[in-house]
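Working notes, structure below.
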Amino acid sequence: MGTMTRRSDRRQGVFGLRVTIATVATFVGLGLPSVAAAADTPLGATPYSGFDPSLTRAPYVTDLTQTSAYVTWATTSSSPGSMKVAPMINGTCPASVPVWSSSAIAAPDSLPGPVNQVSPGPPDTMTGRQFTVNGTSEFQSSVNLTGLTPGTSYCYSVFSGNAPGSNDLLPVSSPDQQFSTLDPVDAASTTPITFDVLADTGENYAYTSSSAGGDVSYPGQVNPNQASLFRQIGLSGADFLLNAGDTAYSGGNQSNYGDLEQTGTQPEVSNVFGPSYFPQTGGIPSFAADGNHGQNVTTLRVWPTPATTTASGGTYAMNAYTNQVDGIGGNYPDNWYAFSTGNVRVYVLDAAWADGTSAGIGSATGSLCTANPSYCRGYQADYDEHWRTSSPEYQWLKEDLAAHSGGVKFAVFHYPLRSDNATQPSDPYLQNSSANPNASTSLEALLTSNGVVMAFNGHAHTYQRIVPKQQGQLVSYVVGGGGGVLEPVQSGATCAAAQKSASVYAIGWSPSHSDPNAGTGSACGAPQVPTSAADVFSFLQVTVSGSSVTVTPTNAAGGTFDQQTYTVNPSTTITTPPPGPVPPNSQSSPAGTTTSCANHLPSGAVVGAAALTGGSGYYEVDAQGDVAAFGGAVCFGALTGIRLNKPIVGMAADPATGGYWLVASDGGIFTFHAPFYGSTGAERLNKPIVGMAAVADGSGYRLVASDGGIFTFHAPFFGSTGAEALNRPVIAGMNDNSGNGYWLVASDGGIFTFHAPFYGSAAG
């Protein structure tokens, strides 16, 4: 009866039954973790406390490699201090780590300097330890730990000095912190790699437009949604954190980053290193891309990354721009590099530019954004300075991509390739699309042609998953709900237009001008409009296991939603769920051949139908595999004109990818923008298949035969009528999405329940 396996991961979603004989299925709600009348609220986070009074920034790790890591902290003392580190023993930190001894490593009296400056400007200011938060002088210490062992967990403590009597600066309840080095590089590795992603963090306010009547702060000047995200990241077990830019609002200066003690209104103070925020992560190893906010030396000083940059030949420096393009002049941070762990390689790119004055953007007009060019001036400036084929960053990326084939590659950068947001729209200057006259040499074309499978972006303060339908385009996520003031996404006609070229799932929020906890939700492609800001504030957890990539968004209320699993083929391109069929391993399959959908099907020829998540459209299919799409349904292909071994008898829509499956009477499966989990196309069946249904978590499907035999593929098996004598043949199966059981229905209306309730039937 097929397999009886199921994936261990569970995704929330709107899942519908798609069965043959034009039987229509019912749906249960998806998307957001709660459909209760009461709005979701953020999980609580106890402020970091109990530390030495001199500690102003809790320690954290950057520049993580297989054999090294930078540990950074700050104090009110000009003494650089010291630290101790040791491998964990059986999952426990050695008792000696929090006690100062002569084995402690002294912090240097300067910070790491620039790496591979492209066009050095005035004397560099990266190395100075002193900085000021809201008028208070503080000092940063950064220690480069070397000689570490790959794939090993370590414990460390930081001390007030480097002599007997030096105090452990961490709380007595947690006198040390932990991190693990990156795994050995191996493109064929199947060891799971897990990391978190977010962007646009560091905001204490619900609304910050003074034109709307003044700033509205959260109670106690603490954003509970951001605090929840950092707390959850700290508990997530991720190996490291990627930040896609705009880490500290509003200017990314030292006061915005702040410390463990100070708060303030405007300018905003302690939006990142305050006790409710980044310290909640336990100092998780972090890699931070540049954003349009924070185009200053502070970005480079706070997130030192010299070793990774040196090893990858990247750039980590303040560089001078001398009016060569767009009349732009000045000194700006450049921050691009790559690192590998296991079979994963991550490209941290600089795709952002400074907001504001004409001196920063020069004569850039943003004209490729025809709807409102003013929103895209920074996009053009970024392209002209970073992404022309002669630009140093473009040349570096091209060479590094070519030198690293195989494995699973990701890119993280700030400006969004695509975005369903009016004021932070798609960046056409980066796209491989008809909107870009330089499409063939665009950043997107460079990434996709060299095996990068996914991009993580920020800028728009929303959650968005966008899967383009055109080859040569990149799956991308907008993860701008990290803590900054949320923004709406576009619905209605704008959303419908976007869905024609990509599968879009987007949720946003419009905050109230008067109440930090009030506002209005918006959605595109998501079955439920958010009822709370806590539904939209979110981060991603990404797990790579061999060729499988699972992306799990998690919101401030603690709920997961829109989980997706992709499969990467040996040439490192995503095969699930990009456009077009994934060639199935089935005797009935035409090796991935596909044609366009029909405008209509002959009268009396329809044998199956499938409805979209959220009920915005549906498909019909006939016995020849002709597919017709209606409403918001998108055509991913059909079998028109292809000779089939057996006729098509049904179809099912994939709630995870938005694609669909067709099933033939021999159980052959044809996939269109959906994963292949197996078929009965090569088996001898007692009775023909009459339909199929996708399981509630979108990770598998069931086939049903006319005798009620059930064949499960990545789905639980609860029983069948295959061994029973039936009065009438079974014509369809239906999932019970509330419990993952199912019903079978016979041609006389008889209902057979399996792990599902019985409500009655039409049988005489």
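Residue 6 is where the sequence shown starts when you use this note's numbering, and the numbers rise one by one after that. Idealized CB from N, CA, C, for every residue including glycine.
DSSP, reduced to helix, strand and coil, places W105 outside both helices and strands of the structure shown, so it counts as coil. If you draw a straight line from the Cα of P197 to the Cα of K505, it comes to about 35 angstroms. Residue environment analysis places G225 among the exposed positions, since fewer than 16 neighbouring C-beta atoms fall within 10 angstroms of its C-beta.
Excluding five sequence positions before and after V349, the CB atoms of its chain that fall closer than 6 angstroms to its own CB belong to I198, V413 and V549, given in chain order. Looking at C529, A74 and G287, the one whose alpha-carbon comes closest to that of T186 is A74. Runs of the beta strand (DSSP E) lying entirely within the region 51-110, each at least 3 residues long, are 60-67, 74-80 and 87-92 in chain order. Scanning the region 523-580 for uninterrupted beta strand (DSSP E) segments of 3 residues or longer gives 524-529, 543-550, 553-560 and 569-573, listed from N- to C-terminal end.
If you look at Y399, you'll find it in the alpha helix (DSSP H) that goes P397 to A408. Distance from the Cα of A408 is smallest, within the candidate group S519, N455 and Y159, for N455. Judged by DSSP in its simplified three-state form, Y682 adopts coil rather than helix or strand.
Inter-residue distance for A511 and S670 is about 37 angstroms (C-alpha atoms, whole angstroms). Distances from the alpha-carbon of F542 to those of A168, F235, P119 and D57 put F235 closest. L175 and S54 have their C-alpha atoms some 9 angstroms from each other. No Cβ-Cβ contact shorter than 9 angstroms links Y388 with V480.
The Cβ atoms of F344 and R62 lie no closer than 9 angstroms to each other. W514 and H466 have their C-alpha atoms spaced approximately 9 angstroms apart. Taking one beta carbon from each stretch, the region 730-742 and the region 694-709 have 3 or more pairs nearer than 8 angstroms; the two touch.
Annotation: A699 to P660 spans about 8 angstroms, alpha carbon to alpha carbon. A buried status is given to V458, since no fewer than 16 other beta-carbon atoms sit within 10 Å of its beta-carbon. For the 9 angstroms CB-CB criterion, G287 and Q183 form a contact.
Contact between the region 289-297 and the region 163-175 is not established, with fewer than three Cβ pairs separated by less than 8 angstroms. Rounded to the nearest angstrom, the gap between the Cα atoms of T303 and P119 is 13 angstroms.
Under the 10 Å beta carbon count, G319 is surrounded by 16 or more other beta carbons and is classified as buried. The beta carbon of E625 lies closer than 8 angstroms to those of A27, L606, V611, G613, A614, V632, A633 and F635 in the same chain, with the five residues before and after it left out. Note on the region 205-245: whole alpha helix (DSSP H) runs with a minimum of 4 residues are 229-240, in chain order. Taken through DSSP and simplified to helix, strand or coil, Y254 comes out as coil. Nearest C-alpha to Q285 among P127, Y384, G49 and K474: G49. DSSP places G383 in the uninterrupted alpha helix (DSSP H) bounded by R382 to D387. In this structure F283 is buried. Its beta-carbon is surrounded by 16 or more other beta-carbon atoms within 10 angstroms. Taken atom to atom, the span from the alpha-carbon of G207 to that of A427 is near 22 angstroms. Within its own chain, the residues whose Cβ lies closer than 8 angstroms to the Cβ of R382, once the five positions on either side in sequence are excluded, are I366, A369, T370 and G371, listed in chain order. In the structure shown, E390 adopts helical secondary structure according to DSSP, grouped into three states. For Y161 and K89, the gap between their C-alpha atoms comes out near 5 angstroms. Take the alpha-carbon of V472 and the one of V227: they are about 35 angstroms apart.
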